[in-house]
Amino acid sequence: MRLSTFFLHTLKEEPRDAEVISHKLMIRSGMIKKLASGIYSYLPYGLKALKKIEAIIREEMDAAGAQEVLMPAVQPSEIWKESGRWDVYGKELLRLQDRKGAEFVIGPTHEEVVTSIVRDEVHSYRDLPVNLYQIQTKFRDEIRPRFGVMRSREFIMKDAYSFDIDDQGAEKSYEAMYRAYERIFTRCGLKFRTVEADSGPIGGNFSHEFMVLAETGEDVILTCTSCDYAANLEKAEIAAPESLALPEAPQGSPEKVHTPNVRTIEEVCSFLGVKPQNLVKTMIYTTENGVVAALVRGDHEVNEAKLRRAAGCETLELADEATIEKYTGAPRGFAGPIGLSIRTIADYGLLGSGACVTGANEEDYHLRNVWLSRDARIDAIADIRNAEEGDPCPRCREGSLQAIRGIEVGHIFKLGTKYSKTMNANFLDVNGNLKPIVMGCYGIGVSRVLAAAIEQYADENGIVFPVPIAPFKVLVLPVSTSEEKVMDAALALYDELGSQGVETLIDDRDMRPGVKFMDADLIGVPFRITVGMRGLNEGIVEVKERSTGTVEKVPVQEVVGYCLAKLDL
Ligand code: ATP
Ligand code: MG
């Protein structure tokens, strides 16, 4: 491709609304263009990169036995009502009406559509297993679209769905996808970690996320310093204690102290001169089964996914001011477990607590010298807090947890019979019994993979594409377009590389070399061949490797072979 005719418009200035480097660079390198909040066009350079990733995904999905389909973006509300998600999906689901007033959604995911297809086509165990996938545009009305295509409203996802006759089969399908995902992200040239993830209200331990490691990632991953345990923050467990008995209390009773306008942990600590770990934080939540109080140490954070599991509920939300007043008798900031008549779940972290401070369930008052075993009624003690750096590993118990950040590029899930039961996707087993199909679903954020790759490798000068997903592998850069000898040599190299199957770009624009060098770094082509008069007179060109910055002088005759070897072609 000749840069003089390529629809590539680079920008010097940083876009004002971009917070992370991949977003800045994708805009500056002319890969994407914003149309509206969270909605982007892919311009030729961006689309070429995206297609590289798609090609790797297709090859690996096909190799794993999945079959490609293409399902519609617009889906009728009926199937969402059947699955029950019409009422629970919330505001991320974009709903619309056609001219007749019939309701539709723009698909944020395709479990309903694929289940409706398979239930019609599959009747017998002989038709199973089957795995269908697509690469298709999704829409989620994200509350805070940001970071460009990393968290956009319209984005491209590879979604796959497996259908099996039983759990054992479903586990095999899951395993095949797990391996395929490892190969996909490895082949994309990414540094990633696979982590155990929370499977939400669906339950079960079958969910993994694939995280591209990047300091700017939105997700926190906890990894063990000595074994290979890794989990996301939502899931990371705390090692179960040996005993669930709260320490025995001495005789005595809590002491009420006046704490006017002292509400936050920091305020209480400094007012009473205590440490956060000697405080009990009481958080009130509403669930579909009523109100729940969660108790954690003052220096810990409640983990809502864990609390949901411990409370055995599906929906869980922090209670509003009125609910807090109703159940504690005091405004926010003064809740405590003593005298509460709602279900109370305490965290493992409190098992070591002796005398502590809690809210008094009375405005402007706290209690000191509280012993939970003596003064409070605790219904359950469970793991309900976020794991933190330094916590002992729940798996090997020898190492400790370290926190690193990542970008979730893939998520695999064992669905069980959640959709097949609600949507009647059944089959006849060997004995002629009607059974629900056992499902799995597997997503990759294709556009997010591209952004994550840029985020992981970019430097201060621009994008550094991993070779496998680079739209062009080599950029030929004639220093001057007006010198015939230089242009002839550059074009000859360009043609030769092309005929050897190397995707090559030539910067044949009549521009200052400085601008061309800057653009070359910005767009991140892995190898740059600089062709100049001085070098040609000695029969050499310069090859710069973008990822290492190393520059080598290579004889003109040998440079094509040199590139082929470097690119492993
Ligand atoms: P997140 O927690 O980041 O919102 P999710 O759990 O909602 O992701 P899934 O429903 O598992 O995501 O979707 C599968 C994949 O699609 C994710 O792993 C991610 O790579 C990608 N993805 C999800 N939401 C977006 C988005 N708004 N923009 C770009 N990619 C997305
Ligand atoms: Mg999401």
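Every position in the sequence shown, counted from 1, becomes a number in this note's numbering once 1473 is added.
Here a beta-carbon is modelled for each residue, glycine too, at the ideal position from N, C-alpha and C.
Alpha-carbon spacing of Gly1802 relative to Trp1844, whole angstroms: As a working mapping, residue 1802 is identified with position 329 in the sequence shown. As a working mapping, residue 1844 is identified with position 371 in the sequence shown. Rounded to the nearest angstrom, the two C-alpha atoms are 21 Å apart.
Check whether Leu1768 and Ile1526 have beta carbons under 8 Å apart: Here residue 1768 corresponds to residue number 295 of the sequence shown, with the count starting at 1. Here residue 1526 corresponds to residue number 53 of the sequence shown, with the count starting at 1. Against a cut-off of 8 Å, the Cβ pair of Ile1526 and Leu1768 comes out as no contact.
According to DSSP, residues forming a beta bridge with Val1668: Along the sequence shown, read from residue 1 onward, the residue named residue 1668 stands at position 195. The partner list for Val1668 (beta bridge, DSSP) reads Glu1682.
8 Å Cβ cutoff met for Pro1986 and Val1952: For the purposes of this step, residue 1986 is taken as the residue at position 513 of the sequence shown. For the purposes of this step, residue 1952 is taken as the residue at position 479 of the sequence shown. Their beta carbons are under 8 Å apart, which means Pro1986 touches Val1952 by this criterion.
Sufficient close CB pairs (3 or more, under 8 Å) joining the segment 1507–1520 to the segment 1872–1884: no
Coarse secondary structure for Phe1620, derived from DSSP in three states: Your numbering for residue 1620 matches position 147 in the sequence shown. In this structure, Phe1620 counts as coil in the three-state DSSP scheme.
Contacting residues, own chain, Cβ-Cβ under 8 Å from Phe1479 (five flanking each side not counted): Start at 1 with the first residue of the sequence shown, and residue 1479 comes out as number 6. So the qualifying residues of the chain are Pro1517, Tyr1518, Leu1978.
Three-pair Cβ contact test at 8 Å for the segment 1716–1728 versus the segment 1954–1972: no
Span of the alpha helix (DSSP H), counted from its first residue to its last, around Phe1990: Position 517 of the sequence shown holds residue 1990. Unbroken alpha helix (DSSP H) run through Phe1990: 1986–1996.
For Cys1697 and Leu1840, the rounded distance between their alpha carbons: Here residue 1840 corresponds to residue number 367 of the sequence shown, with the count starting at 1. Here residue 1697 corresponds to residue number 224 of the sequence shown, with the count starting at 1. Roughly 38 Å between the two C-alpha positions.
Under 8 Å between C-beta atoms of Tyr1821 and Pro1714: Along the sequence shown, one-based indexing puts residue 1821 at 348. Along the sequence shown, one-based indexing puts residue 1714 at 241. Result yes, Cβ atoms of Tyr1821 and Pro1714 sit closer than 8 Å.
CB-CB length for Ile1579 against Ala1633, believed under 8 Å: To locate residue 1579, count along the sequence shown from 1; it is residue 106. To locate residue 1633, count along the sequence shown from 1; it is residue 160. About 20 Å separates the two Cβ atoms, so there is no contact after all.
Touching by the beta-carbon criterion (3+ pairs, under 8 Å), the segment 1549–1558 and the segment 1568–1587: yes
Continuous alpha helix (DSSP H) assignments of at least 4 residues falling wholly in the segment 1917–1991: 1919–1930, 1957–1972
Cβ neighbours of Glu1928 in the same chain (closer than 7 Å, five flanking residues each side left out): The residue given as residue 1928 occupies position 455 in the sequence shown. Around Glu1928: Val1493, Ile1494, Ser1495, Ala1687, Thr1689, Ile1880.
Among Pro1727, Lys1664, Leu2009, the one whose alpha carbon lies nearest that of Cys2066: Limits of the chain in this structure are 1474 at one end and 2042 at the other, which puts residue 2066 out of reach.
For Gln1540, the residue or residues it bridges with in DSSP: Position 67 of the sequence shown holds residue 1540. In DSSP, Gln1540 forms a bridge with Leu1605.
Alpha helix (DSSP H) runs contained entirely in the segment 1798–1840, provided each spans 4 or more residues: none
Cα-Cα separation between Thr1610 and Tyr1513, rounded to whole angstroms: The residue labelled residue 1610 in the question sits at position 137 within the sequence shown. The residue labelled residue 1513 in the question sits at position 40 within the sequence shown. Those two C-alpha atoms are separated by around 12 Å.
Boundaries of the alpha helix (DSSP H) in which Tyr1562 is found, first to last residue: Here residue 1562 refers to the residue found at position 89 when the sequence shown is read from its first residue. Neither: Tyr1562 is in no alpha helix (DSSP H) and is coded neither H nor E.
Thr1582 Cβ short of 7 Å to the ligand ATP heavy atom set: Taking the first residue of the sequence shown as position 1, residue 1582 is located at position 109. Result yes, Cβ under 7 Å from the ligand ATP.
Pick from Ala1653, Glu1487, Leu1780 that is closest to Met1534, judged by C-alpha positions: Within the sequence shown, residue 1534 is the residue found at index 61, counting from 1. Minimum Cα distance to Met1534 is reached at Ala1653.
Nearest-angstrom Cα separation, counted from Asp1864 out to Gly1676: Residue 1676 sits at position 203 when you count from the first residue of the sequence shown. Residue 1864 sits at position 391 when you count from the first residue of the sequence shown. The predicted position of Gly1676 is uncertain, since its pLDDT is 48 and thus under 50; a value taken from the coordinates is nonetheless stated next. Distance between the alpha carbons of Gly1676 and Asp1864: 25 Å.
Heavy atom of the ligand ATP within 7 Å of His1496 beta-carbon: Mapped onto the sequence shown, residue 1496 falls at position 23. No.
Exposure label - Ala2031; buried when at least 16 CB within 10 Å: Counting from one through the sequence shown, the residue named residue 2031 turns up at place 558. The question names Ala, yet the displayed sequence has Glu at residue 2031. With fewer than 16 other Cβ atoms within 10 Å, it is exposed.
Separation of Ile1530 from Val2027, as counted between CA atoms: For the purposes of this step, residue 2027 is taken as residue 554 along the sequence shown, with counting starting at 1. For the purposes of this step, residue 1530 is taken as residue 57 along the sequence shown, with counting starting at 1. Their Cα atoms are separated by approximately 35 Å.
Alpha-carbon to alpha-carbon, Leu1476 and Ile2002: Counting from 1 along the sequence shown, the entry for residue 2002 is found at position 529. Counting from 1 along the sequence shown, the entry for residue 1476 is found at position 3. Computed Cα separation, rounded: 14 Å.
Assigned secondary structure, Glu1627 (DSSP; H/G/I helix, E/B strand, else coil): If you number the sequence shown from 1, residue 1627 lands on position 154. Glu1627 falls in the strand class under three-state DSSP.
Any non-hydrogen atom of the ligand ATP closer than 7 Å to Arg1624 Cβ: Along the sequence shown, read from residue 1 onward, the residue named residue 1624 stands at position 151. Flag set: Cβ of Arg1624 near the ligand ATP.
Three CB pairs or more closer than 8 Å across the segment 1626–1644 and the segment 1928–1946: no
Alpha-carbon spacing of Met1474 relative to Leu1964, whole angstroms: For the purposes of this step, residue 1474 is taken as residue 1 along the sequence shown, with counting starting at 1. For the purposes of this step, residue 1964 is taken as residue 491 along the sequence shown, with counting starting at 1. Computed Cα separation, rounded: 11 Å.
CB-CB length for Ala2096 against Leu1824, believed under 8 Å: The structure shown does not extend to residue 2096, since the chain is modelled only from 1474 through 2042, so no value can be given for it.
Segment contact flag, the segment 1639–1652 with the segment 1565–1579, C-beta cutoff 8 Å, min 3 pairs: no
Ile1675 (DSSP reduced to helix, strand or coil): Taking the sequence shown and counting its residues from 1, one reaches residue 1675 at position 202. Confidence is the limiting factor: at Ile1675 the pLDDT is only 48, short of 50, which leaves the residue's position unreliable and the question unanswerable from this model.
Pair within 8 Å by beta-carbon distance, Ala1703 and Ile1694: For the purposes of this step, residue 1703 is taken as the residue at position 230 of the sequence shown. For the purposes of this step, residue 1694 is taken as the residue at position 221 of the sequence shown. Yes, the Cβ-Cβ distance between Ala1703 and Ile1694 is below 8 Å.
Proximity of His1731 and Tyr1838 at Cβ, strictly below 8 Å: If you number the sequence shown from 1, residue 1731 lands on position 258. If you number the sequence shown from 1, residue 1838 lands on position 365. Contact flag set, yes.
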